[in-house]
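>
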Amino acid sequence: MAAIKPFKPLDQKFPFDRQLSIAAAPVVLINLFTIDPADEAGFLDAFKAAAEIITKQPGFISMQLHRALGESPTYLNYVVWESTETVRAAFAHPQFVGKLPAYPSSVVARPHLFQKVAVPGFCTA
Numbered sequence: 512m513a514a515i516k517p518f519k520p521l522d523q524k525f526p527f528d529r530q531l532s533i534a535a536a537p538v539v540l541i542n543l544f545t546i547d548p549a550d551e552a553g554f555l556d557a558f559k560a561a562a563e564i565i566t567k568q569p570g571f572i573s574m575q576l577h578r579a580l581g582e583s584p585t586y587l588n589y590v591v592w593e594s595t596e597t598v599r600a601a602f603a604h605p606q607f608v609g610k611l612p613a614y615p616s617s618v619v620a621r622p623h624l625f626q627k628v629a630v631p632g633f634c635t636a
């Protein structure tokens, strides 16, 4: 699977590539980005270009980018997908892979897949 350079797992014991091998549906991709402040505009430009491709892929449901409060440009991207299979296919799409080199070199991406959990009286799955 292609990744922004450098790419680091959010959980060292269960990296993103291993998560993609599990059949699950639906899934939420959380990607935490850390960036040098000088590269913030470049990050947003690269993110937009990649998002224009990824949001048109089969299985994409929704996406929302969040910026941390304060002076450190840390971003969290929340993407809902139909399944791990659709995430795998979208991240391998040649047009998407072709957009990744445009990310500034200071960008570190930490993707991780999640599923909703039911908590009676509070959360639905």
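Each step along the sequence shown adds one to the number in the numbering used here, with nothing skipped, and position 81 is 592.
Cβ atoms here follow ideal geometry from the backbone N, Cα and C, with glycine treated the same way.
(1) Whole angstroms is fine: what's the gap from residue 536's alpha carbon to residue 530's?
(2) Span of the beta strand (DSSP E) holding residue 575?
(3) Tell me the rounded alpha-carbon separation between residue 586 and residue 632.
(4) What first and last residue would you give for the alpha helix (DSSP H) that runs through residue 607?
(5) Pick from 570, 550, 617: whose alpha carbon is nearest that of residue 596?
(6) To the nearest whole angstrom, what separates the beta carbons of residue 622 and residue 527, a pair I think is in contact under 8 Å?
Answer, in terms of the structure:
(1) Cα to Cα, the separation comes out at about 12 Å.
(2) 571-578
(3) 31 Å
(4) Following the DSSP letters along the chain, one finds residue 607 inside the alpha helix (DSSP H) bounded by residues 605-610.
(5) 570
(6) 5 Å
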